[in-house]
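Visitor: Position 374 of the sequence shown, counted from 1, bears residue number 374 in the UniProt record's numbering, the numbering being contiguous throughout.
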Amino acid sequence: MTTPPTAATPPSWLPAWTLEQGRELVTTLFGATFDGAPAGTFSAPGRVNLIGEHTDYNGGLALPIALEHRTHVALRLREDSRVRLVSAQGDGVWEADLEAVAPGAVTGWGAYLAGVAWALRQAGHDVPGFEAAVDSCVPFGAGLSSSAALEASLAIGLDALLDLGLGADDAGRSALAAVCVRAENEIAGAATGGMDQAASLRARDGYALALDCLDGSVSHEPFVPAGCELLVIDTRAPHSLNDGQYASRRATCDAAAAALGVPTLRHWLDAAPDAASAVADAQARLDDDVARRRVRHVLTEIDRTRLAHEAMRAGDWSAFGTLMDASHESLRVDYEVTVPELDVAVGVAREAGALGARMTGGGFGGSAIALVPGGTSDAVAAAVVAAYAERGFAAPAFLTSRAAGPAA
Ligand code: GLA
Numbered sequence: 001m002t003t004p005p006t007a008a009t010p011p012s013w014l015p016a017w018t019l020e021q022g023r024e025l026v027t028t029l030f031g032a033t034f035d036g037a038p039a040g041t042f043s044a045p046g047r048v049n050l051i052g053e054h055t056d057y058n059g060g061l062a063l064p065i066a067l068e069h070r071t072h073v074a075l076r077l078r079e080d081s082r083v084r085l086v087s088a089q090g091d092g093v094w095e096a097d098l099e100a101v102a103p104g105a106v107t108g109w110g111a112y113l114a115g116v117a118w119a120l121r122q123a124g125h126d127v128p129g130f131e132a133a134v135d136s137c138v139p140f141g142a143g144l145s146s147s148a149a150l151e152a153s154l155a156i157g158l159d160a161l162l163d164l165g166l167g168a169d170d171a172g173r174s175a176l177a178a179v180c181v182r183a184e185n186e187i188a189g190a191a192t193g194g195m196d197q198a199a200s201l202r203a204r205d206g207y208a209l210a211l212d213c214l215d216g217s218v219s220h221e222p223f224v225p226a227g228c229e230l231l232v233i234d235t236r237a238p239h240s241l242n243d244g245q246y247a248s249r250r251a252t253c254d255a256a257a258a259a260l261g262v263p264t265l266r267h268w269l270d271a272a273p274d275a276a277s278a279v280a281d282a283q284a285r286l287d288d289d290v291a292r293r294r295v296r297h298v299l300t301e302i303d304r305t306r307l308a309h310e311a312m313r314a315g316d317w318s319a320f321g322t323l324m325d326a327s328h329e330s331l332r333v334d335y336e337v338t339v340p341e342l343d344v345a346v347g348v349a350r351e352a353g354a355l356g357a358r359m360t361g362g363g364f365g366g367s368a369i370a371l372v373p374g375g376t377s378d379a380v381a382a383a384v385v386a387a388y389a390e391r392g393f394a395a396p397a398f399l400t401s402r403a404a405g406p407a408a
């Protein structure tokens, strides 16, 4: 029996593995499951989004960093079209034939990987079957893009073993990200928007990825928050992106854009003199209160992301933190994707001295991030643990990370 956490339970930290550790784990798992050795090992990071939430599928802006926490894969191509997969986090070997992979035809965690091979084939590449062993220090279901890390690790691996050359530059990586999005949307059945795959494949070590989802363009902004550190709080509140809530937010936004006569809400924002009038005009034209609030979130969040990018460039972390706080409030009140665990984590982190704090990722559980003064992560984490214990929530877990490098 596990002991329920108390206010005095020390915070539990989830360290990132080194590349060597990850490589060794998947190579050993590969050897124990399939005969012989893999042809190569590859890895791809999870991410946290600093700001710009639920904007990607609205043609908006996002500002993620890649985490040091990565998913590792040991990979070998086959002569036939069988796919055989093993995961240190799963049970037994997941098997399918690539010829039979199609939307709705496969289920389970293997769908994310078989989906990548399927989507590469759809893009015109000749992809044979393969064996793969995977292991990860990206926590699952924590809103830190464990699915994108899984997809991207295989995409970069197949790219290398098949000599496709896509991993060599940003245009190729953007094509690989699109392949991963198709795998997730069409084969795994999660209607996500593409930010996670872009972060995992296109981020740069030491930089935040300024992603413009209208045209898919990126720029790289040094992420060196002077005097601060980034604390990631995995609330351990269950989180899923294919249970209908995420898709329903997306559908509301699509319907609102159609009602406003624009292809995306970003177009509506860009056509207005400023964000405030874009919101006011949209509110006047939409007759549903829920749609009005969802749209207000999206329009103001895209604007906040633009301002946060400017604050980052100027090294104004206090302004950046204020924008993080406003983003969380908008996600809580207007977009309604937070849960009590997220709101408590954010509130406690602010009281404990954070410059700003917000949920990150899709919401409905998952993780929060806090920008805290350097050297205070431990104290902030302890305060969150105590607050969770008081409320009877499951014990949270914590990560720290610099802005790390992409799939390789
Ligand atoms: C999830 C999705 C992303 C994005 C975020 C919300 O992480 O996978 O595409 O929509 O939620 O910003």
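Glycine is no exception: its CB is placed at the ideal position from the N, C-alpha and C atoms. Quick caveat: nothing in here was measured; it's all calculated off a predicted structure.
1) What separation, rounded to the nearest whole angstrom, lies between the Cα atoms of Ser217 and Gln21?
2) At what residues does the beta strand (DSSP E) containing Leu371 begin and finish?
3) Given the structure, does Gly244 come close to the ligand GLA, in the sense that its CB is under 8 angstroms from one of the ligand's heavy atoms?
4) Classify Asp303: buried if its beta carbon has 16 or more other beta carbons within 10 angstroms, exposed otherwise.
5) In angstroms, rounded to a whole number, what distance separates the CA positions of Val73 and Phe30?
6) Any contact of the segment 9-25 with the segment 169-177, i.e. 3+ C-beta pairs under 8 angstroms?
7) Mark Glu221 as exposed unless 16 or more other C-beta atoms lie within 10 angstroms of its C-beta, in which case mark it buried.
8) Spatial neighbours of Arg391 within its chain, please: C-beta separation below 8 angstroms, excluding the five flanking residues on both sides.
9) Count Cβ pairs between the segment 196-205 and the segment 139-153 that sit closer than 8 angstroms; are there 3 or more?
10) By how many angstroms is the C-alpha of Thr400 removed from the C-alpha of Trp13?
11) Please classify Phe30: does DSSP put it in a helix, a strand, or coil?
12) What would DSSP say about Glu390, mapped onto helix, strand or coil?
13) Can you tell me which of the three DSSP states Ser401 falls into?
14) For Arg182, which option in Gly46, Ala111, Asp205 and Leu67 has the closest C-alpha, if you only look at C-alpha atoms?
15) Just the C-alpha distance for Ala119 and Val179, rounded to the nearest angstrom, thanks.
16) Can you check the segment 80-153 for any beta strand (DSSP E) of at least 3 residues that lies completely inside it and give the ranges in chain order?
17) Rounded to the nearest angstrom, what separates Thr33 and Leu77 at their Cα positions?
18) Per DSSP, which residues does His72 bridge with? Please list them.
19) What do you reckon, are the CB atoms on Arg84 and Glu99 nearer than 9 angstroms?
20) Cβ of Ser367 within 8 angstroms of any heavy atom in the ligand GLA?
21) Could you pull the start and end residues of the alpha helix (DSSP H) that Thr322 belongs to?
22) Check whether the Cβ of Ala403 lies closer than 8 angstroms to any heavy atom of the ligand GLA, and answer yes or no.
23) Say yes only if the C-beta of residue 428 is nearer than 8 angstroms to one or more non-hydrogen atoms of the ligand GLA, and no if none qualify.
24) Buried or exposed: Ser318, going by 16 or more other Cβ atoms within 10 Å of its Cβ?
25) Compare the Cα-Cα distances from Val346 to each of Ala271, Met324 and Val93 and report the closest residue.
26) Quick check: what's the CA-CA separation for Thr9 versus Gly353?
27) Heavy atom of the ligand GLA less than 8 angstroms from the Cβ of Tyr57, yes or no?
28) Please state the DSSP three-state secondary structure of residue 449.
29) Given a threshold of 16 other Cβ atoms within 10 Å of its Cβ, counted over all protein chains shown, does Val298 qualify as buried or as exposed?
30) Taking DSSP as the reference, what is the three-state secondary structure of Asp212?
31) Looking at Ala275 and the ligand GLA, is the gap between the Cβ and the nearest heavy atom below 8 angstroms?
32) Where Phe398 and Glu79 are concerned, what is the direct C-alpha to C-alpha distance, given to the nearest angstrom?
33) Closest to Arg292 by CA distance: which of Leu164, Pro263 and Ala257 is it?
34) Go ahead and pull the three-state DSSP assignment for Val344.
35) Between the beta-carbon of Val134 and the beta-carbon of Thr71, is there less than 9 angstroms?
36) For the putative contact between Pro5 and Ala395, defined by C-beta atoms under 8 angstroms, what is the C-beta separation to the nearest angstrom?
Guide: Here's the rundown:
1) 34 angstroms
2) Ser367 to Pro373
3) no
4) buried
5) 9 angstroms
6) no
7) buried
8) Pro340 and Val344
9) yes
10) 8 angstroms
11) helix
12) helix
13) coil
14) Ala111
15) 5 angstroms
16) 82-87, 93-97 and 130-136
17) 15 angstroms
18) Ser43 and Asp135
19) no
20) no
21) Trp317 to Val333
22) no
23) Residue 428 is absent from the model: the chain starts at 1 and stops at 408.
24) exposed
25) Met324
26) 21 angstroms
27) yes
28) Limits of the chain in this structure are 1 at one end and 408 at the other, which puts residue 449 out of reach.
29) buried
30) strand
31) no
32) 43 angstroms
33) Ala257
34) helix
35) yes
36) 4 angstroms
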